[in-house]
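Student: First, the structure itself, so that you have it in front of you.
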Amino acid sequence: MNRIPLLSMSLFASALLMLGCARGQIKNERVIPQAGNFTKSEVILVKPTVTDQMKVTGDKANETSRVNEEKTIIHDRLAEQLIGDLVKKGFKAKRYVAGDKGLVLETTAFLFEHGSGAARALVGMGAGSSNLHVLVKLHHGADTLADFDVIATSGGRGGLISMSTFIHAHLTDASEKTVEYLDKHAGK
Numbered sequence: 117m118n119r120i121p122l123l124s125m126s127l128f129a130s131a132l133l134m135l136g137c138a139r140g141q142i143k144n145e146r147v148i149p150q151a152g153n154f155t156k157s158e159v160i161l162v163k164p165t166v167t168d169q170m171k172v173t174g175d176k177a178n179e180t181s182r183v184n185e186e187k188t189i190i191h192d193r194l195a196e197q198l199i200g201d202l203v204k205k206g207f208k209a210k211r212y213v214a215g216d217k218g219l220v221l222e223t224t225a226f227l228f229e230h231g232s233g234a235a236r237a238l239v240g241m242g243a244g245s246s247n248l249h250v251l252v253k254l255h256h257g258a259d260t261l262a263d264f265d266v267i268a269t270s271g272g273r274g275g276l277i278s279m280s281t282f283i284h285a286h287l288t289d290a291s292e293k294t295v296e297y298l299d300k301h302a303g304k
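For the sequence shown, our numbering gives the first residue as 117, with consecutive numbering after it.
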């Protein structure tokens, strides 16, 4: 029996399980920024992410201590990730301090779909995917300049490494998508 075709098919199947799926996306653009509403020269004040009403579904969604830990990580780290990514793109950004006035970026994580680690491991190709849904608002006082949702993914890890929720990958993806969107709409 010729083992080379069998080995080739086995390697191909293994590669498929390790492929990444599409990265996150922008959805539900409620307010699309108009040209010149904000520029990179203005300081963006980034508030910590609101997570208190975040719904969690999928694997380990009923493990209260894990869910609370994830909420804390998202609350504490997404703002820092956003500040770093904004600065890399040429924006001026810093953490919001109570009483600050100016251009404010607010994020609210409202849904964390853990998905299914088993489906990611056994099927791959997006099955059992894990997604973090974040509402993003950029405003100056009462004027909302941008209002949209980001659906962040973990990058579609498959195979045996797929049993985690990949929270840090979600935060990176959410931040990158948000900053790409703002960069696209920033005035000169």
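Idealized CB from N, CA, C, for every residue including glycine.
Which whole-angstrom value describes the C-beta separation of residue 248 and residue 284, a residue pair presumed to lie in contact below a C-beta threshold of 8 Å?
Tutor: Indexing the sequence shown from 1 puts residue 248 at position 132. Indexing the sequence shown from 1 puts residue 284 at position 168. That belief does not hold up - the Cβ atoms of residue 248 and residue 284 are roughly 11 Å apart, past 8 Å.
Student: In the DSSP assignment, the alpha helix (DSSP H) including residue 284 goes from what residue to what residue?
Tutor: Taking the first residue of the sequence shown as 1, we reach residue 284 at position 168. Where residue 284 is concerned, the enclosing alpha helix (DSSP H) stretches over 283 to 301.
Student: Hey, would you say residue 140 sits closer than 7 Å to residue 289, going by beta carbons?
Tutor: In the sequence shown, counting from the first residue as 1, residue 140 sits at position 24. In the sequence shown, counting from the first residue as 1, residue 289 sits at position 173. Yes, Cβ-Cβ distance for residue 140 and residue 289 is below 7 Å.
Student: Any idea which residues DSSP pairs residue 160 with across the strands?
Tutor: Taking the sequence shown and counting its residues from 1, the one referred to as residue 160 is at position 44. Beta-bridge pairing links residue 160 to 209, 219.
Student: Using only the alpha-carbon positions, how far apart do residue 300 and residue 265 sit?
Tutor: To locate residue 300, count along the sequence shown from 1; it is residue 184. To locate residue 265, count along the sequence shown from 1; it is residue 149. Rounded to the nearest angstrom, the two C-alpha atoms are 16 Å apart.
Student: Residue 168 to residue 226, Cα distance in whole Å?
Tutor: Numbered from its first residue, the sequence shown carries residue 168 at position 52. Numbered from its first residue, the sequence shown carries residue 226 at position 110. One C-alpha to the other measures close to 9 Å.
Student: Please check if any C-beta of chain B sits within less than 7 Å of the C-beta of residue 219.
Tutor: Annotation note: the requested chain B is absent from the structure, which comprises a single protein chain.
Student: Measure the beta-carbon distance from residue 203 to residue 223 and round it to whole angstroms, keeping in mind my assumption that it falls under 8 Å.
Tutor: As a working mapping, residue 203 is identified with position 87 in the sequence shown. As a working mapping, residue 223 is identified with position 107 in the sequence shown. Incorrect: roughly 17 Å between the Cβ atoms, too far for contact.
Student: Which residues in the same chain have their Cβ closer than 6 Å to the Cβ of residue 173, if we skip the five residues on either side of it in sequence?
Tutor: Position 57 of the sequence shown, counted from the start, is the residue given in the question as residue 173. So the list reads 229, once near-sequence residues are dropped.
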